[in-house]
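Q: First the structure, then my questions, so here it is.
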Amino acid sequence: MMKVMRSMATNWVAKILIALLVMSFAVWGVSDVFRGFGANEVARVGGTEVSIRQFEVAYSQSVQQLSQQFGQPVSNQQAQAFGVPGRVLGRLLTDATLTQQAKNFSLGLSDDELARSISEDPLFRQSAGGFNRSFFQQILRSNGLTEDQYVTDRKSLAERAQLVSSLTGELNAPLSLIKALDAYNRETRTIRYVELASSMAGEIADPSDTALATYYDGVKSDYDAPEYRSFSYLRIEPSVLADPSAVTDEEAQQQYQATIASYTKAGKRGVDQLRFDNLDAAREASQRLKNGASFDDELKTAGKASADVSLGVLSRSDFADNLVANAAFSLGFNEVSDVVEGRFGSVILRITEVREEIVTPFSDVSDAIKNKVSESRASEEVLDLYDKIEDERAGGATLKLIANSLNLPYVEIRLIDARGELKSGDNAPQMPIQTQLLDAVYASEQGLENDPLDLNQQGFLWYDVSAVELTHTRELADVRETVAIAWKGSETSRIITELATDYVKQLNAGGTLDILADKDGLSISSSQPFTRTSGASGLASSVIAETFNGTVNSALSAVDGSKHIVLVITSSDTPLFDEKQAGRSIQAASVGLQNDMLSQFIVAMQDDLGVNVNQAALTYILGGDANQPGQQNYR
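Residue numbers (my numbering): 227 to 861.
Below you can see the structure in the form of structure tokens.
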């Protein structure tokens, strides 16, 4: 839903709606022709459409949220790698399913009730008073919504909430289930344990040829050589076509003067401002200052401290009043102004700091300006060159011939895998849009003429695959050293596993951890009480999970990375169930049960109504090739 709709997520019905993000669909079926969709549809559930606008807004918001989480912009390609389009589409299809079924059940909301719910929404109230229409419209504009769009979305959400409430409103988890979940979540255990380090396996001798060959036969697919491809590319974009040497000093100087503000660091003044109730009081204070009183004396008279009157360090544009700004910038350090009759009353100023304006000299930025000017000119050549290159390719010219004839950079990459690593082991050269380029290279075929790639709307890149070396199983001789190291690791793990198994067997037969640890010089550690979810300091999640598979005084073993842990469960405690204290657990269990019920309902409704996705529109929105089969049907 839109950002402004999040305000409705304060009750359990809305929380269930928001929890249902992506539903699972059993079969993808692709039709042979593009048909059956309106011009603005990206998908349809029964007779309810998901518009292109809805998908674009929801997708954009999801990408923005992801960018905020990572603290940096997330590209369209990265968002697709994270599965954002699928999650967004799944959420919209879930909404559409509920909307269609609400229509089938003739659910609705009167205009009066809809208006009341909006007017009573705290989101549209300012600090005081009730509903503020201007504030309401301001919030909608800031979220890219018209009033009609919001009202329609709000009404649809209300209808879906009615449907969800009718399905799950009285469905609560039984007390027996809640007690079982409470016991499961709150049970605590403690353990004593020892760590069996890999060094306890001793020195592992080199494997025999037979042992190594046998081992390699079982894992050889792990050592398959990746597929390698050779390709070439040429690109046109302003940074490639630009010729800074063609920009004269006079032209650069003209550009410098035209954009001087961008090379200027504004002057600033530290300002104390003493405000007066009226002009007469200000004039009396000004006269006292002229007669020898200090600004600090006047602060004491007014009962103020320096912090009370400090405006900070401001540039001219930071001042709300131009008269005050002009007065401040007319004074020197520690000087005090006459009375300034500003827009907001009479004031006297004191300057506590002076930072003069700094203009970066032309000589320091001339090269950068020439680069910028030349790139601006080159950007006008891109489309003309695009047409020339496409004409040459249509005539059968290779990229190398075209690059030579048009004096464009031409790059050949020999035998590189899909991760960007060269077969030779050398460092791969830097490539523009590397991830997108390699994806395209590996999606193409040798000798196939490919459409150019877009260079962030600045230019174009053409590429041709010239050779393909398919993945294949390497001979043991080619990877013997690496495999021998892995074999030793495997043998070490086997020996330590056998040792851990023997420890557990002895302990469960009546042995003590103290005697076994003392025999092998191991230190025994004891844990604090922990639950399945809280964990314990120094213990991996695998150890925590294994602990709850045994009973008190039983011994178990678990793997923690390269170490094996042998443990004895020393205590188990399950707190008594307290219904008063279990409110959160009761609510969580009930909402989980309601979500399960609603999920099953939605899957069944989608199977009944039919879910169709306009794959061509979806691909186009996501920046792919729209000339693909157009319709996907979910059954």
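Glycine included, C-beta positions come from ideal geometry on N, C-alpha and C.
DSSP puts glutamate 567 in a beta bridge; with which residues?
A: The count along the sequence shown starts at 1 and reaches residue 567 at position 341. For glutamate 567, which the question treats as bridged, DSSP gives the partners Ser572.
Q: Would you call the segment 398 to 408 and the segment 670 to 684 touching, i.e. three or more CB-CB distances under 8 Å?
A: No: the two stretches stay apart, fewer than three of their Cβ pairs being nearer than 8 Å.
Q: Measuring CB to CB, does alanine 551 end up less than 9 Å from phenylalanine 545?
A: Translated into positions along the sequence shown, residue 551 becomes position 325. Translated into positions along the sequence shown, residue 545 becomes position 319. Cβ distance < 9 Å, so alanine 551 and phenylalanine 545 count as in contact.
Q: For proline 801, count neighbouring Cβ atoms within 10 angstroms of its own Cβ and tell me buried if that reaches 16, exposed if not.
A: By 1-based counting over the sequence shown, the position of residue 801 is 575. The residue in question, proline 801, is exposed, as its Cβ has fewer than 16 Cβ neighbours within 10 Å.
Q: Name the residue from Asp498, Tyr489, Gly518, Ala554 whose alpha carbon lies nearest to the alpha carbon of proline 587.
A: Within the sequence shown, the letter at position 361 stands for residue 587. Residue Tyr489 is the option with its Cα nearest to proline 587.
Q: Would you mind working out which of Ser424, Lys405, Lys329, Asp374 sits nearest lysine 724, comparing C-alpha positions?
A: Residue 724 sits at position 498 when you count from the first residue of the sequence shown. For clarity, residue 724 is glutamate in the given sequence; the question names lysine instead. The shortest Cα separation from glutamate 724 among Ser424, Lys405, Lys329, Asp374 belongs to Ser424.
Q: Determine the extent of the beta strand (DSSP E) in which lysine 494 is found, giving its start and end residues.
A: Position 268 of the sequence shown, counting from 1, holds the residue named residue 494. First-last of the beta strand (DSSP E) with lysine 494: 494 to 502.
Q: Count the other CB atoms within 10 Å of the CB of lysine 494; is the residue buried (16 or more) or exposed (fewer)?
A: Numbered from 1 along the sequence shown, position 268 holds the residue referred to as residue 494. Its Cβ being crowded by 16 or more others within 10 Å, lysine 494 is buried.
Q: Considering only heavy atoms of the ligand PLP, does any lie closer than 8 Å to the CB of glutamine 298?
A: Although the ligand PLP was asked about, the structure shown includes no ligands whatsoever.
Q: Using three-state DSSP, classify serine 257 as helix, strand or coil.
A: Here residue 257 corresponds to residue number 31 of the sequence shown, with the count starting at 1. Caution is warranted here: a pLDDT of 30 is assigned to serine 257, below 50, making its placement in the model unreliable, and the coordinate value is therefore given only provisionally. In this structure, serine 257 counts as coil in the three-state DSSP scheme.
Q: Threshold first: 3 residues or longer. Then list the beta strand (DSSP E) segments lying entirely within the segment 418 to 499, N to C.
A: With a minimum length of 3 residues, the continuous beta strand (DSSP E) runs that stay inside the segment 418 to 499 are 454 to 462.
Q: Rounded to whole angstroms, what's the CA-CA distance from glycine 622 to glutamate 675? Just pull it up for me.
A: In the sequence shown, residue 622 corresponds to position 396, counting from 1. In the sequence shown, residue 675 corresponds to position 449, counting from 1. Rounded to the nearest angstrom, the two C-alpha atoms are 10 Å apart.
Q: Pick helix, strand or coil for glycine 646, following the three-state DSSP scheme.
A: If you number the sequence shown from 1, residue 646 lands on position 420. Correct three-state label for glycine 646: coil.
Q: For phenylalanine 827, collect the residues of the same chain with a Cβ closer than 7 Å to its Cβ; drop the 5 residues on either side in sequence, then sort them by chain order.
A: Taking the sequence shown and counting its residues from 1, one reaches residue 827 at position 601. Around phenylalanine 827: Leu393.
Q: In three-state terms, what does DSSP make of serine 753?
A: Along the sequence shown, one-based indexing puts residue 753 at 527. Here serine 753 sits in coil by DSSP.
Q: Once the 5 residues before and after isoleucine 847 are set aside, which same chain residues still bring their CB inside 8 Å of it?
A: As a first step, residue 847 must be located in the sequence shown, where it is residue number 621. For isoleucine 847, where only same-chain residues beyond five positions count, the Cβ hits under 8 Å are Val268, Ile278, Phe281, Glu282, Tyr285.
Q: Work out the CA separation of alanine 620 and arginine 603 for me, nearest whole Å.
A: Residue numbering aside, residue 603 sits at position 377 when the sequence shown is read from its first letter. Residue numbering aside, residue 620 sits at position 394 when the sequence shown is read from its first letter. Arginine 603 and alanine 620: Cα-Cα distance of roughly 27 Å.
Q: Is it right to say phenylalanine 570 is buried, meaning 16 or more other beta carbons lie within 10 angstroms of its own, or is it exposed?
A: Translated into the one-based positions of the sequence shown, residue 570 becomes position 344. Exposed: under 16 other Cβ atoms inside 10 Å.
Q: I'd like the ranges of any beta strand (DSSP E) spanning at least 3 consecutive residues and lying wholly in the segment 518 to 567.
A: Those beta strand (DSSP E) runs which fall completely within the segment 518 to 567 and span 3+ residues are 536 to 540.
Q: So, for arginine 331: in the same chain, excluding its five sequence neighbours on each side, which residues have a beta-carbon less than 6 Å away from its beta-carbon?
A: Translated into positions along the sequence shown, residue 331 becomes position 105. Residue 331 is actually phenylalanine in this sequence, not arginine. Here the set comprises nothing.
Q: Using 8 Å as the threshold, is the segment 686 to 703 in touch with the segment 661 to 673, meaning 3 or more CB pairs across them?
A: In short, these stretches touch, since the Cβ pair count reaches three.
Q: Note down, in chain order, each residue of its chain lying with its Cβ closer than 7 Å to the Cβ of glycine 849, except the 5 sequence neighbours on either side.
A: Residue numbering aside, residue 849 sits at position 623 when the sequence shown is read from its first letter. Counting only Cβ-Cβ distances below 7 Å, and skipping sequence neighbours, we find Asn302.
Q: Please report the distance separating the alpha-carbon of glycine 444 from that of serine 650.
A: Taking the first residue of the sequence shown as 1, we reach residue 444 at position 218. Taking the first residue of the sequence shown as 1, we reach residue 650 at position 424. One C-alpha to the other measures close to 27 Å.
Q: Expressed to the nearest angstrom, what Euclidean distance is found between the alpha-carbon atoms of alanine 214 and aspartate 799?
A: Nothing can be reported for residue 214, as the shown portion of the chain is limited to 227 through 861.
Q: May I have the straight-line CA-CA distance separating lysine 596 from glutamine 660, to the nearest angstrom?
A: Against the sequence shown, residue 596 aligns to sequence position 370. Against the sequence shown, residue 660 aligns to sequence position 434. Cα-Cα distance, rounded: 28 Å.
Q: Report yes or no: do the segment 808 to 819 and the segment 782 to 799 share at least 3 C-beta pairs separated by less than 8 Å?
A: Contact fails: fewer than three Cβ-Cβ distances are below 8 Å.
Q: Check whether the segment 637 to 651 touches the segment 449 to 462, counting contact only when three or more Cβ pairs, one atom from each stretch, lie closer than 8 Å.
A: Verdict: yes, contact present.
Q: Specify the secondary structure class of aspartate 786 as computed by DSSP and reduced to three states.
A: Here the question's residue 786 lines up with position 560 in the sequence shown. If DSSP states are grouped into helix, strand and coil, aspartate 786 belongs with the strands.
Q: Going by DSSP, what residue range makes up the beta strand (DSSP E) through asparagine 653?
A: Counted from its first residue, the sequence shown places residue 653 at position 427. Segment: none, asparagine 653 is in no beta strand (DSSP E) and carries neither H nor E.
Q: So what's phenylalanine 357 in DSSP terms, helix, strand or just coil?
A: Looking up residue 357 in the sequence shown gives position 131. Note: phenylalanine 357 maps to strand in three-state DSSP.
Q: When the Cα atoms are used, what is the spatial distance from serine 631 to glutamate 606?
A: If you number the sequence shown from 1, residue 631 lands on position 405. If you number the sequence shown from 1, residue 606 lands on position 380. Taking the straight line joining both Cα atoms gives about 20 Å.
Q: Mapping DSSP to helix, strand and coil, what is glutamate 616?
A: Against the sequence shown, residue 616 aligns to sequence position 390. Three-state DSSP puts glutamate 616 in a helix.
Q: Classify glutamine 754 as buried or exposed, calling it buried when 16 or more other Cβ atoms lie within 10 Å of its own Cβ.
A: Translated into the one-based positions of the sequence shown, residue 754 becomes position 528. It counts as exposed.
Q: Which value, in whole angstroms, describes the spacing of the CA atoms of serine 368 and glutamate 567?
A: Taking the first residue of the sequence shown as 1, we reach residue 368 at position 142. Taking the first residue of the sequence shown as 1, we reach residue 567 at position 341. Answer to the nearest angstrom: the Cα atoms are 37 Å apart.
Q: Where does valine 778 sit, in a helix, a strand or coil, going by DSSP?
A: Taking the first residue of the sequence shown as 1, we reach residue 778 at position 552. Coil.
Q: Proline 299 to leucine 292, Cα distance in whole Å?
A: Indexing the sequence shown from 1 puts residue 299 at position 73. Indexing the sequence shown from 1 puts residue 292 at position 66. In a straight line, the C-alpha of proline 299 is about 8 Å away from that of leucine 292.
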